[in-house]
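*Asks:*
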Amino acid sequence: MSEEQKKPATNALGLAKSEYKGGPSTMCKGCGHDRISEAVIQASYDLDIDARNILKMSGIGCSSKTPAYFLGNAMGLNSTHGRMPSFSTGAHVANTTMSPIGVSGDGDSASIGMGQFVHIIRRNPRMVYIIENNGVYGLTKGQFSATADRRSPSKRGAFPREASIDLCGLALELGATFIARSFSGDKKQLVPLLKAALSFDGLAFLDVISPCVTFNNHEGSTKSYTHQKEMGVTFHDPHYVSPQEQIDIEYAEGELQEVTLHDGSKLLLRKLEHEFDPTDRNASFAALQQTRNKGEVLTGLIHIDMEAESLAANAKMTREPLATLMQGDLRPAVGVLDRINGGFKI
Amino acid sequence: MSEEQKKPATNALGLAKSEYKGGPSTMCKGCGHDRISEAVIQASYDLDIDARNILKMSGIGCSSKTPAYFLGNAMGLNSTHGRMPSFSTGAHVANTTMSPIGVSGDGDSASIGMGQFVHIIRRNPRMVYIIENNGVYGLTKGQFSATADRRSPSKRGAFPREASIDLCGLALELGATFIARSFSGDKKQLVPLLKAALSFDGLAFLDVISPCVTFNNHEGSTKSYTHQKEMGVTFHDPHYVSPQEQIDIEYAEGELQEVTLHDGSKLLLRKLEHEFDPTDRNASFAALQQTRNKGEVLTGLIHIDMEAESLAANAKMTREPLATLMQGDLRPAVGVLDRINGGFKI
Amino acid sequence: MNPVVNDFSIRIATPNGTGSQTSNIVIQRALIQMGLIASAKNLFPSNIAGLPTWFQIRVSPGGWQTMNPQWQVLLPLNQATIGRDLRESVPNTVVIENSDWKTADSEFEGLCRYSVPFDQLARKISNAKLRPRLKNLIYVGVVAQLFDIPMEKIRGALQTVFPGKEAVVDLNIEAAQIGFDFAAESLTKQDPWKYAAADQVGDQILLDGNEAAALGAIWGGVSVVAWYPITPASSLAEAVEKHIGRCRDSDPDGRNRFVVIQAEDELAAIGMALGAGWAGARSMTSTSGPGISLMAENLGLGYFAEIPTVVYDIQRVGPSTGLPTRTQQSDVLQVAFHSHGDTRFPFLIPACPIESFQFSCQAYDLAEKYQIPVIFLSDLDLGMNSWMSDPLPEPENDIHRGKIATDEVIARLDDWGRYKDVDGDGIPYRTIPGITLHPDAAHLTRGSGHDENAEYSESPEVYEQNLDRLARKIDGMVVDLPAPIRQDGDSTLGVIAYGTTDMAMREALESLEQKPSYLRLRSFPFHDEVESFIDDHEQILVIEQNQQGQMAQLLRMHFPQLAARIRSATYYGGLPLSAGFVKDSIEQPRRVEA
Amino acid sequence: MNPVVNDFSIRIATPNGTGSQTSNIVIQRALIQMGLIASAKNLFPSNIAGLPTWFQIRVSPGGWQTMNPQWQVLLPLNQATIGRDLRESVPNTVVIENSDWKTADSEFEGLCRYSVPFDQLARKISNAKLRPRLKNLIYVGVVAQLFDIPMEKIRGALQTVFPGKEAVVDLNIEAAQIGFDFAAESLTKQDPWKYAAADQVGDQILLDGNEAAALGAIWGGVSVVAWYPITPASSLAEAVEKHIGRCRDSDPDGRNRFVVIQAEDELAAIGMALGAGWAGARSMTSTSGPGISLMAENLGLGYFAEIPTVVYDIQRVGPSTGLPTRTQQSDVLQVAFHSHGDTRFPFLIPACPIESFQFSCQAYDLAEKYQIPVIFLSDLDLGMNSWMSDPLPEPENDIHRGKIATDEVIARLDDWGRYKDVDGDGIPYRTIPGITLHPDAAHLTRGSGHDENAEYSESPEVYEQNLDRLARKIDGMVVDLPAPIRQDGDSTLGVIAYGTTDMAMREALESLEQKPSYLRLRSFPFHDEVESFIDDHEQILVIEQNQQGQMAQLLRMHFPQLAARIRSATYYGGLPLSAGFVKDSIEQPRRVEA
Ligand SMILES: Cc1ncc(C[n+]2csc(CCOP(=O)(O)OP(=O)(O)O)c2C)c(N)n1
Ligand SMILES: Cc1ncc(C[n+]2csc(CCOP(=O)(O)OP(=O)(O)O)c2C)c(N)n1
Ligand code: SF4
Ligand code: SF4
Ligand SMILES: [Mg+2]
Ligand SMILES: [Mg+2]
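Residue numbers (the working numbering), protein chains in the order written: chain A, 28 to 373; chain B, 28 to 373; chain C, 20 to 613; chain D, 20 to 613.
1) Using 7 Å as the cut-off, classify the Cβ of His108/B as near or not near the heavy atoms of ligand 4, replying yes or no.
2) May I ask whether a heavy atom of ligand 3 can be found less than 7 Å away from the beta carbon of Ile67/D?
3) Does the distance from the CB of Ile553/D to the CB of Leu581/D come in under 8 Å?
4) Tell me where the beta strand (DSSP E) around Gly129/A begins and ends.
5) Taking the runs of the alpha helix (DSSP H) that are 4 residues or longer, which of them lie wholly in the stretch 279 to 303 of chain A?
6) Using a Cβ-Cβ cut-off of 8 Å, state whether Asn25/C counts as contacting chain A.
7) Less than 7 Å separating the Cβ of Leu166/A from some heavy atom of ligand 1?
8) Give me, in chain order, the residues of the same chain whose beta-carbon lies closer than 6 Å to that of Gly175/D; leave out the 5 immediate sequence neighbours on both sides.
9) My output table needs one value for Leu352/A: the three-state DSSP class, helix, strand or coil.
10) According to DSSP, is Ala101/A helix, strand or coil?
11) With 8 Å as the limit, tell me which residues of the stretch 161 to 182 of chain A have their beta carbon closer than that to any beta carbon of chain D; keep them in chain order.
12) Which chain C residues sit within Cβ distance under 7 Å of His108/B?
13) Which residues of chain C have a Cβ atom closer than 8 Å to the Cβ of Phe614/D, listed in chain order?
14) Between the C-alpha atoms of Phe395/C and Phe543/D, what's the straight-line distance to the nearest angstrom?
15) Where DSSP assigns a beta bridge to Glu563/D, which residues make up the other side?
16) Looking at chain C, is there any beta carbon in it that lies within less than 8 Å of the beta carbon of Phe232/A?
17) Please classify Met353/B as buried or exposed, where buried requires at least 16 neighbouring CB atoms within 10 angstroms.
18) Can we say the stretch 107 to 121 of chain D touches the stretch 77 to 95 of chain D, given the rule of at least three CB pairs closer than 8 Å?
19) I need the straight-line Cα distance from Thr15/A to Thr124/A, nearest angstrom please.
20) Determine the burial state of Ile29/D: buried for a count of at least 16 other Cβ atoms within 10 Å of its Cβ, exposed for fewer.
21) Under 7 Å from any heavy atom of ligand 2, does the C-beta of Asp133/B make it?
22) According to DSSP, is Glu347/B helix, strand or coil?
23) Tell me, please, whether the CB atom of Leu318/D is closer than 8 Å to any CB atom in chain A?
24) Would the stretch 209 to 226 of chain B count as touching the stretch 306 to 314 of chain B if we require 3 or more Cβ pairs under 8 Å?
25) What residues in the stretch 565 to 591 of chain D have a beta carbon less than 7 Å from any beta carbon of chain C?
26) With a cut-off of 8 Å, does the C-beta of Thr340/C fall near any C-beta of chain D?
27) With burial defined as no fewer than 16 other Cβ atoms inside 10 Å of the residue's Cβ, what is the status of Gln273/A: buried or exposed?
28) Does Met28/B come out as helix, strand or coil in the three-state DSSP assignment?
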């Protein structure tokens, strides 16, 4: 082996990809969630991210365990079931210089966590919000989640009694600023979308279909690998270009839509069969409607709103971390209390 | 005064409208909520409802207090903040022969109650779900609710920082089977919609704009009487015809859409300016989108789905009240336990 | 009749939402401007407009701010309650009635009656549009004339209510003057009560406990506030929001060094507060009964994962929705053992605005030093009623953030671990994400079983050791918690109270012949002094505002050897506690159980 | 070597999710078919596949089903834990090792070692596709051969696991036989342990506490089940769903006389249960730690508005997420005083499957009679481990729905009111909407202050009276609650335990020279017998599975006169309690605090 071959490739920070790993996964073999962890590792490595600036946030579930299995150098908080959004919001405002990556499950977000899911979208803090969507409660052994759809039987053959939730449709209705759907089996699509999400100043929501091989990958399941391969459709291929990079891919005129993200990076969307501008909210609605009506699962960037203000901007927050403010910054100056007391004088 | 004039008018049950009242209201004078109570009284009277078959359900808030002020002969449960949906679901399944009318506020349902709101829509129990929507927390003195929109300042001039929720849009996205919006100041529209809701076997959701005169009826508020009068639009006038009644109104050909409800009653929709078929979910989406884009508030029947199954049907529930099943119905027959024990024999 | 000066209470009954609150406050403030400690209890309904409210203003030579369950002067200005108001009045109570109303003369029997044609007088108010509101000022004038409050004090009080709005003050004065003139001309003084200027006030200020606590939070360095509206806690978060931008300097770009988020509910509010605490900011949330219940699960995470935050529980009457606008001390057992599993939460119990300020300020240091959610346990009486108080004192101590595992600390410590008890006090060194960058620092904080290095573990030994360390940590907190205040008496009886019960206790003690000893608890877990106090007395009576004697129960649990001598006297009707209840409980045990 | 018959434990270590569970159960069942009480403890991780699991099967002459913390036979078939498994084994432990793995010989020092080439043997399994799963059956055969379990019992056991699937049974037997044959040919018995047919079992059945409780609910007449998945409570609701349709007759149209709803979370689950209880159906929900915390607010409404329902709390290790698959008894203080304000919730504590069935069944009568949420307080050890038990007995009592304000009752009673204490027992007559049609019946149930007629009231007297009535009502419950079980010994020591601690207690008692008295609590509030038991003994030791000695605390609170003699011994590592712990605690107090 030559000297060169021995040294692993490194990124601009001089880090090998392996340094973006976490502990060994305890997921079942073949679980979609592991593929998503890999995509996060890939995206972080490619983006030369210092993991120590990432906050890994999660709720409870198999999916919510995965932050233990990526970015081992990042700190994380495995919170309570369904409450990742509020913990993330708090952590985010405490230190807006950090980038939170929130990982949740369809049970965690669409069932018990629905309230917080809805309200974090309204609040729009800067973070990446990934739902590892398998249509079941993996960790509690295969009960239906709220994204299980009526046509999709359980392993034992029962069908969900309730209407399923399309998380992307819901996010769109609620005014989310960055909505994408992808598939844990489609790294080529997922990684650039994750990169774009990490470059976005606002809530970047990713609904990632992530089959549960143990409880929901059987025939008839609409969250299985097979189903997603058959019924998944997309309107464009995403390609992420960092601020430093040149756009070196050649496209035909009009074939490409370019979205410039907050940090100057670009998301290039190579159009496929259909015309569809994800910056146009009405078009996003239409695209979703149209595919759903056909029983298809639309993936790709579904909507992006580069105009909306994020929570920190909206709240006119300092760019310093609140977490490190000192006595001098926090405690009002001597004399202020006298003034206050004076105001209470009758 | 002649004998005849003295006697108040009565309905088919021989009840005067006053017998549909509740206790004296403790709302502020002019509060929109009181108008909604009146509409419930009117609809119940007109429909010859025996109030003892109604369950009045609510959460916490000014709005949630109103069940005390209508249908004094009905029993009710004033539950906890944001949890009316779950209490109603439980009460409903306990006795499906009763009709629950759930009353909630925008704070109660769209803030703390969002999770339960979403999930009761998925479950589709037969009930009327009214949100008395004033864009504020009335009872806790005027904080913004999640339906407060960004353009609408508080009394003290502050603007909401977060995107507002369109409850009808949300319900539609979630697959609700009956969605209407109305205005507490528009009895002519609200009463027939309520009647249709009461005749519907499934969740009939009514988002009723109901101005809070004390905290959110000032200039600039988008939940004020003035704003609703200016920006409210509707696509059709509703007219309710009970199963016994003849359709005695004359309409031009094609001017009328007729929806036959589960109990055989009909909701007649007289078309106004626009073409719009509320039984077509895509059309409902389009109508909402279109009006929202113009800053208008669409009222009227927004969507109705006569095909969907209600919870009780879906769960193959008996039509007897579970509440009155006796020992003989409930406890398994003698011998069954032996069989069960046998199954545990190794 | 000999005049009785500065020693009586006025009760004003009105429907709420009619603007009478301004008039009531004006009377209180005018008295304060006369140099009197005028305490006020606002008994308001859970409603926005139309339901009965009572406002009770007390002046006493001792300057007591306890609620006086009896009143000497009554203004029954709410037709819905007039009958009851009169019936509840003791003989000779002065009644200022609306003579435009038809009330049976018999109702007034034994009472000293002044009739005022309020509705007629109101017509004299020049500004017709504002008449419905200004009308309330007429009774202010009547009270002023009858009991000797100079009209310039009324004006002075109005100026504090409408600062800088002289035109408004003039309109109000005009209405008050109408009442004053009527009383002067048409009423003949037949009662002994009067006010006279005195020197009780000094440099005292008037504020409510919630506002004091809010300021304490600001001085304590809070920077993330997440809350959900609920009476009686809303005004605390709202006061933080009101003051923080004005008290705390912006950053060089003029941007806020804080954020206040109105959450969608209490589950989210505590989640945000804990998320912020975990990420290193000083954070808080404020709530009451239903909200504190909803926080159970997340508080358990905060406890077990050792995340600092401050939770203000402003207690109201429970259980359930209870009486949202009435006061109680009935969350004690709940907060002490909140959440499932073995937990124990420290709480602080202020008894006055200054303690509200101080304990609130201190709570942030405690939360960070001990890495735990700290509960600030106040109540509606302290939180929402206004109290005369010495000015809020500048905090004595600088902000202390406790043990932080900075990179240097990790490098220095031998084999640091997030949950390692390096110093033998049960307190580990915590990291701050983004600040602690040492290669060993990264870990996943979790509510599941974890070892000293924050790694997931299902080991029984690791689990037990961790719980034991937590217990040690919390036991150790007492050295930093506000110590109980002991005052020895001349009896074998020791009385224990806490929080707002203190006011009634102190007033009652003053009036007792034989004085029991008095220990005021100010925090949990208990100091050793609590045990020695119990040990020093043959009998212990715990006086508190809940049904079950919750603090007495907590004491019995903690001092089983002494439990037999602990009795309890409880009031739980929702009104601020009176000295009379305390006195009676001590003198002739009533509602006292073993 | 003298054989030791039917008195040892086998511990099987495997990664979870590999199908070993079937093999383990087959061994247990084969032993049962031999007439042995074979108890099993499944120590599984909070994970779906790949993490360590231990399964421990115990047979003893006494038929004890307590966990034996030591094992005499070990199958360390998980490479991730083999080192630890060997180290934790006492000398002479029999080890059945996988000879295909490289484990240092030194690790086996002092142990009795049988080497089995499992991987090689697996290749003999004819069905290649199923080999990975069937492979586990090989150790079943080895165990059978070594310890004398006849292969036809293995077959019999497989038939109970795969009823009616002879082909599957054959496949499994083939694999087991490979192990059996290998052992017969290649292993030389060097240890004393063996099984022999006996007569311990009689007509006993094998089931877990959750399934028994589920059946109790069905026999108790539950018709509305609302739940949210959580370990270790899910299997209870799932068992109701499994059995109810088969046990309860449909209506004449073939439609269900029940409904099971998987709620979106625990807040909704308890809301649905209470809504149903309010509307007159018998309802339940099941949960554990985090879920019971989330139910706090709504349970308070149920308490205060007096709504019947049954809540199953299957305790796991807390606080917070804790160890979801391990057992504890640490929600005691929380459920006793759940929710804010003054509350007290009755709870039932089963100690075996029969009590799970009976208490569960009875809970519905109690909930309806006393109009209150009743908590069924079990734990993971009872709920999820399988237990040998006498057959479930037909309930003795008919269903009783308590005091219902039917139209006749209202007409008969003088001035009925929803919350009126007509009979002096604190229990009012409740209405059922749609059933009670009397014109006076209608009212609005609420969690806010209300008078006897369910009208909103802020009156302090009304509030106090209502809380007092509630206290009376709950005090009165003891006559109907399962009484404690007392067993007098020959010592001045009295030991108190409850729930699953009972198994360890009874086994320990058997082995003690001087026997303390033993009182087993079965419910809260406490019966008078509890007080007299404490009174009768100089020292009281409460043994329980939590850190703080929560039940001891509860006892101290309730019997302050006797509190001084109550000590507590606690285990909280999450494993099922052993008799050894109990014995040690009694003999040589360890972890015993004042
Ligand atoms: C309050 C609470 N209720 C229930 C649970 C049990 N629980 C753990 S994970 C889970 C569902 C997880 O499903 P999902 O989020 O879809 O994750 P997956 O395992 O499918 O990735 C549940 C119900 C819990 N931990 N906390
Ligand atoms: C758990 C809980 N949190 C907070 C409150 C306080 N609270 C009472 S009503 C209310 C808001 C009501 O707003 P909305 O539902 O819009 O009703 P409105 O008064 O506007 O009709 C709040 C926050 C409560 N009762 N319970
Ligand atoms: S149970 Fe399902 S979701 Fe969980 S780890 Fe296994 S495959 Fe993944
Ligand atoms: S505060 Fe607003 S919502 Fe409440 S009663 Fe008054 S007007 Fe109505
Ligand atoms: Mg899932
Ligand atoms: Mg509102």
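Where is the CB? At the ideal position from N, CA and C, for every residue including glycine.
*Replies:* Once the coordinates are examined:
1) Position 81 of the second sequence holds residue 108/B. His108/B Cβ: outside cutoff for every heavy atom of ligand 4.
2) As a first step, residue 67/D is located in the fourth sequence; it is residue number 48 there, counting from the start. The answer is yes for Ile67/D.
3) In the fourth sequence, residue 553/D corresponds to position 534, counting from 1. In the fourth sequence, residue 581/D corresponds to position 562, counting from 1. Going by C-beta atoms, Ile553/D is nearer than 8 Å to Leu581/D.
4) Taking the first residue of the first sequence as position 1, residue 129/A is located at position 102. Counting along the chain, the beta strand (DSSP E) containing Gly129/A begins and ends at Ser126 to Gly132.
5) none
6) In the third sequence, counting from the first residue as 1, residue 25/C sits at position 6. No - not a single Cβ of chain A is within 8 Å of the one on Asn25/C.
7) Here residue 166/A refers to the residue found at position 139 when the first sequence is read from its first residue. Leu166/A: yes, Cβ under 7 Å from ligand 1.
8) Taking the first residue of the fourth sequence as 1, we reach residue 175/D at position 156. Gln52.
9) Counting from one through the first sequence, the residue named residue 352/A turns up at place 325. In this structure, Leu352/A counts as coil in the three-state DSSP scheme.
10) Reading the first sequence from its first residue, position 74 is the one you call residue 101/A. Here Ala101/A sits in coil by DSSP.
11) Tyr164, Gly165, Leu166, Thr167, Lys168, Gln170, Phe171 and Ala173
12) The residue you call residue 108/B lines up with position 81 of the second sequence. Residues of chain C passing the Cβ test: Pro309.
13) Past the boundaries of the shown model lies residue 614/D; chain D is included only from 20 to 613, so the question cannot be answered.
14) Walking along the third sequence from the start, residue 395/C turns up at place 376. Walking along the fourth sequence from the start, residue 543/D turns up at place 524. C-alpha separation (whole angstroms): 31 Å.
15) For the purposes of this step, residue 563/D is taken as the residue at position 544 of the fourth sequence. Note: Glu563/D sits in a beta bridge opposite Thr589/D.
16) Taking the first sequence and counting its residues from 1, one reaches residue 232/A at position 205. For Phe232/A, the answer is no, since every Cβ of chain C falls outside 8 Å of its Cβ.
17) Sequence index remark: in the second sequence, residue 353/B carries index 326 (1-based). Exposed, by the Cβ-count rule.
18) yes
19) What the structure shows of chain A is the stretch from 28 to 373, and residue 15/A is not part of that stretch, so it cannot be assessed.
20) For the purposes of this step, residue 29/D is taken as residue 10 along the fourth sequence, with counting starting at 1. When all chains shown are included, Ile29/D counts as buried.
21) Here residue 133/B refers to the residue found at position 106 of the second sequence. Yes - ligand 2 has a heavy atom lying nearer than 7 Å to the Cβ of Asp133/B.
22) For the purposes of this step, residue 347/B is identified with residue 320 of the second sequence, where counting begins at 1. Of the three classes helix, strand and coil, the one that applies to Glu347/B here is coil, per DSSP.
23) Along the fourth sequence, one-based indexing puts residue 318/D at 299. No, its Cβ sits nowhere closer than 8 Å to a Cβ of chain A.
24) no
25) Asn565, Gln566, Gln567, Gln572, Arg575, Met576, Pro579, Gln580, Ala582, Ala583, Ile585 and Tyr591
26) Indexing the third sequence from 1 puts residue 340/C at position 321. Closer than 8 Å to some Cβ of chain D, the Cβ of Thr340/C qualifies, so yes.
27) Numbered from its first residue, the first sequence carries residue 273/A at position 246. The residue is exposed, with fewer than 16 neighbouring Cβ atoms inside 10 Å.
28) Position 1 of the second sequence holds residue 28/B. Low confidence applies to Met28/B: its pLDDT is 42, below 50, so where it sits in the model is not reliable, and the reading given next is rough at best. Here Met28/B sits in coil by DSSP.
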